[in-house]
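Asker: I'd like to ask some things about the structure below.
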Amino acid sequence: AFDISPKAIAWAKQVHDGKDIDFLVADMFAPPEDWLNGFDLVVEVYTIQALPLALREKSIDAIASFVAAGGRLVAVQRLRDEAQTEPEGPPWALSRAELKRFEELGLELTEFETYFGDEEEPVERFVALFRKSG
């Protein structure tokens, strides 16, 4: 697991002390070279939606670049209606159309499921599973 924030990594190490998890400080826009096409499983939960819309495509590209040939990507985000072209945020929910960027980068959408959170005013979210050919 990684985060750009040293404070977040220190907290995660403390909370998950004794577990077999490597926590690293890293920037997804400037990752270690061996991360590119380096993982059989990439799990992306709420990172894309937390970043400004100007970084949407760049963040999708970065996350997709970590998936090895034959690997899988699990993405969990808030879902927004296609008609809402300028979402309010943060967080800035993703549309189904924006998810097509993963497919443009060689990942096939194999499953897509929506659900509502348990907030007082439930927000629609999705879990998407992609597979990279190879």
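Each residue of the sequence shown is one higher than the one before, starting from 155 at the first, in this note's numbering.
Here a beta-carbon is modelled for each residue, glycine too, at the ideal position from N, C-alpha and C.
Excluding the 5 residues flanking Val196 on each side, which residues of the same chain have their C-beta closer than 6 Å to its C-beta?
Answerer: Stepping through the sequence shown from its first residue, residue 196 is reached at position 42. Here the set comprises Phe220, Val221, Leu227.
Asker: Enumerate, from N- to C-terminal direction, the unbroken beta strand (DSSP E) stretches of 3 or more residues contained entirely within the region 207-274.
Answerer: Within the region 207-274, the complete beta strand (DSSP E) runs of at least 3 residues fall at 221-232, 261-270.
Asker: Could you have a look at Asp188 and say whether DSSP puts it in helix, strand or coil?
Answerer: Counting from one through the sequence shown, the residue named residue 188 turns up at place 34. If DSSP states are grouped into helix, strand and coil, Asp188 belongs with the helices.
Asker: Note down the Cα distance separating Glu198 from Glu240, rounded to an integer number of angstroms.
Answerer: Stepping through the sequence shown from its first residue, residue 198 is reached at position 44. Stepping through the sequence shown from its first residue, residue 240 is reached at position 86. Rounded to the nearest angstrom, the two C-alpha atoms are 23 Å apart.
Asker: Would you decide whether Trp165 is buried or exposed? Buried here means 16 or more other CB atoms lie within 10 Å of its CB.
Answerer: Stepping through the sequence shown from its first residue, residue 165 is reached at position 11. With fewer than 16 Cβ atoms within 10 Å of its Cβ, Trp165 is classed as exposed.
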